[in-house]
Amino acid sequence: LLSTGDNGYRIDNSLPARALTRMKGGSARYAYVLGLTRTESRLSMGVDGKMLVDAESGRECLSPQIAVSLSYIPIVIYVGSEFVPDSCAYQEILAHEMRHLKTYLDYLPKVETRVRAALTKRFDGQILYAPVGQVKQQLEAEIDTAWMPYLKSEMAKVEALQTAIDTPKEYARLSKVCKGEVQSLIGAAKRKR
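Per the working numbering: the sequence shown = residues 23 to 215.
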């Protein structure tokens, strides 16, 4: 059983660009962050299934049923408070951030397909055997050492797609939109420091 889901998003206009730049941290590739889309992935993996024990041989078997859940906590789209909602600059920044939102939301079904295929390849129709008291332990160890790192890695791949949106060309475009409105607002904010 594999489930994915997004928990929606919200727009936050309460923080100035300077605070967004700090939130972005050391990885901010450009001097000023006008908008920012943030979330965290959540994943869980559980095991169930019918276990049979053969007391004579001292072995047990399990037909595993794996449940995986992949999701994002609610996504927050920040637009610097310097930008008035419905202004040209605000709309341009929001449109840019909506591309990030779309990337997150479009990514979940893709990772679901890959994870489903990997789980099916490993567990479909498989019966696991081990000495009594060990089959679930072995399966849980496999989940902890192989599957959870795999899931984390798959969910993290979306960040490369996010980085591809934030190109120098895109930042240059955003700085010049709306007849220089962005540049004049950022210039004023920089002078206030």
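Glycine included, every Cβ here is placed at the ideal spot set by N, Cα and C. Just so you know, these numbers come straight off a predicted model, no measurement behind them.
Considering only residues of the same chain and omitting the five flanking positions on each side of residue i, which have a CB-CB separation below 8 Å?
i: glutamine 205; result: Ser197, Lys198
i: methionine 177; result: Ser63, Leu65, Leu92, Val133
i: aspartate 28; result: Ser93, Tyr94, Ile97, Tyr126, Leu127, Leu130
i: glutamate 119; result: Gly57, Leu58, Thr59, Ile99, Tyr100, Val101
i: cysteine 200; result: Ser109, Cys110, Ala111, Glu114
i: glutamine 160; result: Leu150, Ala152
i: proline 139; result: Residue 139 is actually alanine in this sequence, not proline. None.
i: leucine 37; result: Met45, Tyr100, Gly102, Ser103
Evaluate residue i with the Cβ neighbour count: other Cβ atoms within 10 Å of its Cβ, from every protein chain shown; 16 or more gives buried, anything less gives exposed.
i: threonine 189; result: exposed
i: methionine 45; result: exposed
i: glycine 102; result: buried
i: valine 137; result: buried
i: proline 107; result: exposed
i: proline 86; result: buried
i: alanine 182; result: exposed
i: alanine 39; result: buried
Do you know offhand how far residue i's Cα is from residue j's?
i: leucine 116; j: lysine 143; result: 41 Å
i: arginine 64; j: threonine 26; result: 10 Å
i: glutamate 78; j: valine 154; result: 11 Å
i: valine 180; j: glutamate 62; result: 11 Å
i: glutamate 203; j: serine 175; result: 40 Å
i: glutamine 148; j: glycine 71; result: 11 Å
i: arginine 32; j: leucine 42; result: 16 Å
i: isoleucine 165; j: leucine 173; result: 10 Å
i: valine 69; j: alanine 163; result: 11 Å
i: lysine 124; j: glutamate 82; result: 46 Å
i: arginine 121; j: phenylalanine 145; result: 36 Å
i: glutamate 192; j: threonine 185; result: 11 Å
i: proline 171; j: glycine 80; result: 32 Å
i: phenylalanine 105; j: glycine 47; result: 21 Å
Assign residue i to one of three DSSP states: helix, strand, or coil.
i: aspartate 108; result: coil
i: isoleucine 33; result: strand
i: aspartate 70; result: strand
i: serine 197; result: helix
i: glutamate 82; result: strand
i: valine 90; result: strand
i: serine 103; result: coil
i: alanine 168; result: helix
i: alanine 39; result: helix
i: aspartate 76; result: strand
i: valine 180; result: helix
i: leucine 58; result: strand
i: isoleucine 95; result: coil
i: leucine 24; result: strand
Spell out whether any CB of chain D is found under 8 Å from the CB atom of residue i.
i: tyrosine 126; result: The structure shown contains no chain D; it is built from a single protein chain.
Excluding the 5 residues preceding and the 5 following residue i in the sequence, name in chain order all residues of the same chain whose CB lies nearer than 6 Å to its CB.
i: leucine 23; result: Ala89
i: leucine 84; result: Gly71, Met73, Leu150, Val157
For the ligand SAM, I want to know if residue i counts as a neighbour, meaning its beta carbon is within less than 7 Å of at least one of the ligand's heavy atoms.
i: threonine 189; result: The ligand SAM is absent from the structure shown, which contains no ligands of any kind.
Once the 5 residues before and after residue i are set aside, which same chain residues still bring their CB inside 7 Å of it?
i: isoleucine 187; result: Arg121, His122, Thr125
Whole runs of the beta strand (DSSP E) within the segment 109-155, excluding any shorter than 3 residues: 150-153
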